[in-house]
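Take a look at the structure set out below.
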Amino acid sequence: LKVENLYFSERKDHIHIRPYTSKSKQHGGVEGFDLYFETEEGMIPLCVCRALRDWLRITGITTGYLFPRMYDYNRLGPSQTHMDQSEFLQLFRNMLMDIGQDPDSFGIHALRRGGCQWMFQDVRMSLPDVLNWEAGVLTLLMP
Numbered sequence: 001l002k003v004e005n006l007y008f009s010e011r012k013d014h015i016h017i018r019p020y021t022s023k024s025k026q027h028g029g030v031e032g033f034d035l036y037f038e039t040e041e042g043m044i045p046l047c048v049c050r051a052l053r054d055w056l057r058i059t060g061i062t063t064g065y066l067f068p069r070m071y072d073y074n075r076l077g078p079s080q081t082h083m084d085q086s087e088f089l090q091l092f093r094n095m096l097m098d099i100g101q102d103p104d105s106f107g108i109h110a111l112r113r114g115g116c117q118w119m120f121q122d123v124r125m126s127l128p129d130v131l132n133w134e135a136g137v138l139t140l141l142m143p
């Protein structure tokens, strides 16, 4: 996903994401979708829009890949090179070790499925909304 695929609304209430490709449409023609800023108190820390906005502000990324390759000492690589799935998984495992969790118990699949289970059981999101959230958001944001 590239910065050029993000369109911040003038009202500042949502971000329109229009990826060029997806897993099932690898030659373009992907329909865009909107992510809205969370306003519910308990969901604000999990707001994808705020996370994207803050990530762009903190990193200074203005063009190219939204998640570029990372180098030693958490330095970002050039935005023309994206982080691949194995790099993402390694960073994720390192974060798990930082909080005392066994990284071998988790993978990208578990992250997506665990998020869906949490949204359905704890947040009480409807099943169609969970399926839309899982397919539309996490699949596109993960490398």
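Residue 72 in full-length UniProt numbering sits at position 72 of the sequence shown, with consecutive numbering throughout. Even for Gly, the Cβ is constructed at its ideal location relative to N, Cα and C.
Hey, would you say residue i sits closer than 8 Å to residue j, going by beta carbons?
i, j, result
"I15", "L46", "no"
"G32", "Y20", "no"
"E4", "T63", "yes"
"D13", "F37", "yes"
"G60", "P68", "no"
"K25", "Y65", "no"
Quick one: is residue i buried, meaning 16 or more other Cβ sit within 10 Å of its Cβ, or exposed?
i, result
"M95", "exposed"
"S86", "exposed"
"S79", "buried"
"E7", "Rather than Glu, the amino acid found at residue 7 in this sequence is Tyr. Its Cβ having fewer than 16 others within 10 Å, Y7 is exposed."
"M83", "buried"
Under 8 Å by Cβ, that's how I've got residue i and residue j pegged, so tell me the actual separation to the nearest angstrom.
i, j, result
"M125", "L91", "In fact, because the Cβ distance is near 27 Å, the residues do not count as touching under 8 Å."
Judging by CA-CA distance, which residue of the options is the nearest neighbour of residue i?
i, options, result
"R53", "I17, D129, M97, R75", "I17"
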